[in-house]
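Top to bottom, those sequences are chains A and B.
Be aware that the first sequence starts at 1, since it is given in my numbering, and climbs by one per residue.
Be aware that the second sequence starts at 1001, since it is given in my numbering, and climbs by one per residue.
Even for Gly, the Cβ is constructed at its ideal location relative to N, Cα and C.
Keep in mind that this is a model prediction, so the values were computed, not measured.
Accompanying notes for the structure given below.
Number of protein chains: 2
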Amino acid sequence: MTLSSTFYSSQDSFLVAVDCIILGFKENEISLLVHKREMEPAKGGMSLMGGFLQNDESLNQAATRVLTNLTGLENIFMEQVGTYGEIDRDPGERVISVCYYALIDLSSYDDTLLKKHNAFWVNINSAAELIFDHPQMVDDAITILRRKASMQPIGFNLLPEKFTLTQLQALYEAIYDHSMDKRNFRKKMLSMGFLQKTDEIDKSGSKKGAFYYQFKEDRNELLNTSYAF
Amino acid sequence: MTLSSTFYSSQDSFLVAVDCIILGFKENEISLLVHKREMEPAKGGMSLMGGFLQNDESLNQAATRVLTNLTGLENIFMEQVGTYGEIDRDPGERVISVCYYALIDLSSYDDTLLKKHNAFWVNINSAAELIFDHPQMVDDAITILRRKASMQPIGFNLLPEKFTLTQLQALYEAIYDHSMDKRNFRKKMLSMGFLQKTDEIDKSGSKKGAFYYQFKEDRNELLNTSYAF
DNA sequence: TCAAAAGTGTTCGTTTTACACCCATGT
DNA sequence: ACATGGGTGTAAAACGAACACTTTTGA
């Protein structure tokens, strides 16, 4: 960096990382994608997937890059959680970390790519074992996910395109970590108006079979209404 | 920075700024503290108060420093809004900006300090005239304020210790930018249980006089309930 | 035939909304 | 006496919570 190109000379500069909280829905639980850290400090510790911001990319681009490198997925729902800036949050060196969370559909996901990065899924309840301030990041992300999922249909990013109401309820029960009444759940979901019943039937979950639903195309119109669970 | 002290060598590093959205309640409107920028680029433009993060402070400390330098106030409610990292968001040089909002009580605030920084209050509706991506930051802060004020008694940070119900209603009407029914507002506020009626009367607002209220000390117990306006 | 999951309504209590008048006081 | 803002109650609607049985079908 040459002085002639700078407006804000003599200011301190910092490493900036993006850390990604990648969430999936597996066996009726929320899962978190983590990896065994390959560098010191805390080598071998369980860590969120992250990477350093580079000069040629925005924060959102960096988060997308980290996510895509690891998972091979694109066009994934992703949103900022917050930025963590305690001086000693990373014992190796000072790093400002901008944290994102992403929601992915695991129903047809091939995770061979994950193995190359020593990455694996753990139950969200194991997040306390993460290194540094990553447990706090996950807590904050879950808080945001719960709040947003009660206002907007974002939870659906964790499901395949077509899903049964039973699957949807299981997802919400996992997000909020409590069981819900089937009749009330269905009544409320259907009254929100963004579910479209298909004529396809899922026979995998029961002998009787359950209708598949999908999201209406126009669900963006519905984002301003608030729904609480 | 010497290589021997670094774990993450050869990564790009960045200027990190904190920008503060300082909000006050003035003449029944939400006001925003801004200043005329003293450096290029955009010198003379209307800007949020900000500063660069320094090596010896956390992000929260930096935000507090900026706020205290400017206003002389300490122990102010402050919370992160988000982090803005587009490559060209600051045309001078690349800067990652972590944005905070703060709520302050203007009722007995002496703003001589503000003049030293070319700072002044503008109506929140003038935020669109701010430079760079500061209008977006203000939009995001207002969204957060509205959401949080409906769940937790944070709006009170904008009022003096003692206030009348009419003042409180005017504050909420300013935050949400719509008028509310007086009877319903009072009923709801009082039912929430964190208001304490005093025996003092404000005669400044009316001939009849209105009782002053204050917050109960134990209001932290109440933060988990959700209240919508 | 039976086990397993899908699907379906009603009642009750709570919360939210809409709405209009009297009171106390200073001028 | 009157203008100004302070203070109060009720009825209707919407919403949330609790609750149990019938249907379909594969094994």
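Chain A residues whose Cβ lies nearer than 9 Å to that of L1059(B): Residue mapping note: residue 1059(B) aligns to position 59 of the second sequence, counting from 1. Those within 9 Å of L1059(B) in chain A are T83, Y84, G85, E86 and I96.
So H35(A) is in the beta strand (DSSP E); what residue range does that whole segment cover? The count along the first sequence starts at 1 and reaches residue 35(A) at position 35. Start and end: E29 to K36.
Residue closest to I21(A), alpha-carbon to alpha-carbon, out of L103(A), Q167(A) and K207(A): For this step, residue 21(A) is matched to residue 21 along the first sequence. Closest option to I21(A), Cα to Cα, is L103(A).
Please name the residue or residues paired with S1097(B) in a DSSP beta bridge. Along the second sequence, one-based indexing puts residue 1097(B) at 97. Bridge partners of S1097(B): A1017(B) and Y1084(B).
Specify whether the region 1042-1054 of chain B and the region 68-80 of chain A touch according to this definition: at least 3 beta carbon pairs, one from each stretch, less than 8 Å apart. no
Are three or more beta carbon pairs between the region 122-129 of chain A and the region 21-31 of chain A nearer than 8 Å? yes
Show which residues of chain A have a CB atom less than 7 Å away from the CB atom of E1038(B). The residue labelled residue 1038(B) in the question sits at position 38 within the second sequence. Near E1038(B) there are no residues of chain A at all, since even the closest Cβ is about 12 Å away, more than 7 Å.
Considering only their Cβ atoms, is the gap separating F1215(B) from L1190(B) smaller than 8 Å? If you number the second sequence from 1, residue 1190(B) lands on position 190. If you number the second sequence from 1, residue 1215(B) lands on position 215. No, they are not a contact pair.
Which one of E1093(B), N1055(B), L1130(B) and F1156(B) has the shortest CA to CA distance from E93(A)? The count along the first sequence starts at 1 and reaches residue 93(A) at position 93. Checking every option, the nearest Cα to that of E93(A) belongs to N1055(B).
Per the DSSP calculation, F1211(B) is bridged to which residue(s)? On the second sequence, position 211 is the one that residue 1211(B) refers to. Beta-bridge pairing links F1211(B) to I1201(B).
If distances are taken between C-alpha atoms only, which option among V1034(B), D1105(B), F1014(B) and E1129(B) comes closest to L1168(B)? The sequence position of residue 1168(B) within the second sequence is 168, counting from 1. The option with the nearest alpha carbon to L1168(B) is D1105(B).
Which bits of chain A does Q1136(B) rub up against, with CB to CB less than 9 Å? Position 136 of the second sequence holds residue 1136(B). Within chain A, no residue comes near Q1136(B); the closest Cβ sits about 13 Å away, beyond 9 Å.
DSSP three-state assignment for K1116(B), whether helix, strand or coil: As a position in the second sequence, residue 1116(B) is number 116, starting the count at 1. If DSSP states are grouped into helix, strand and coil, K1116(B) belongs with the helices.
Are the beta-carbon atoms of V1034(B) and L1048(B) separated by less than 8 Å? Locating residue 1034(B) in the second sequence gives position 34, where the first residue counts as 1. Locating residue 1048(B) in the second sequence gives position 48, where the first residue counts as 1. A contact, by the Cβ cut-off of 8 Å.
Enclosing beta strand (DSSP E) for F185(A) [first to last residue]: Indexing the first sequence from 1 puts residue 185(A) at position 185. Run containing F185(A): none in the beta strand (DSSP E); it sits in the alpha helix (DSSP H), K182 to M192.
Determine the closest residue to K36(A) out of N118(A), I142(A) and A62(A), with distance taken between C-alpha atoms. As a position in the first sequence, residue 36(A) is number 36, starting the count at 1. The candidate whose alpha carbon is nearest that of K36(A) is N118(A).
Where the region 160-181 of chain A meets chain B: residues whose CB sits under 9 Å from a CB there: none
What three-state label does DSSP hand S47(A) in the structure shown? In the first sequence, residue 47(A) corresponds to position 47, counting from 1. Strand.
N55(A) by DSSP, collapsed to three states: which one? Counting from one through the first sequence, the residue named residue 55(A) turns up at place 55. It is coil, neither helix nor strand.
Which of helix, strand or coil does DSSP assign to M151(A)? Translated into the one-based positions of the first sequence, residue 151(A) becomes position 151. M151(A): coil per DSSP, three-state reduction.
Reduced DSSP secondary structure (H/G/I, E/B, other) of N75(A): Translated into the one-based positions of the first sequence, residue 75(A) becomes position 75. Correct three-state label for N75(A): coil.
What first and last residue would you give for the alpha helix (DSSP H) that runs through E40(A)? For the purposes of this step, residue 40(A) is taken as residue 40 along the first sequence, with counting starting at 1. No alpha helix (DSSP H) contains E40(A), which DSSP labels as neither H nor E.
Applying the criterion that 16 or more other CB atoms from any shown protein chain within 10 Å of the CB defines a buried residue, is D1133(B) buried or exposed? Within the second sequence, the letter at position 133 stands for residue 1133(B). Burial call: buried.
Closest to V995(B) by C-alpha separation, out of Q11(A), Q61(A) and N184(A), would be which residue? Given a span of 1001 to 1229 for chain B in the structure shown, any question on residue 995(B) remains unanswerable.
Outcome for A228(A) when other beta-carbon atoms lying within 10 angstroms are tallied against a minimum of 16: Position 228 of the first sequence, counted from the start, is the residue given in the question as residue 228(A). With a pLDDT of only 44 at A228(A), under 50, the local geometry of the prediction cannot be trusted, and the value read off the model is given with reservation. It counts as exposed.
Quick one: using the 10 Å Cβ neighbour count with 16 as the cut-off for buried, is D90(A) buried or exposed? The residue you call residue 90(A) lines up with position 90 of the first sequence. Buried, since its Cβ has 16 or more Cβ neighbours within 10 Å.
DSSP puts A1102(B) in a beta bridge; with which residues? Walking along the second sequence from the start, residue 1102(B) turns up at place 102. In the DSSP output, where bridge partners are listed per residue, A1102(B) has I1022(B) and M1078(B).
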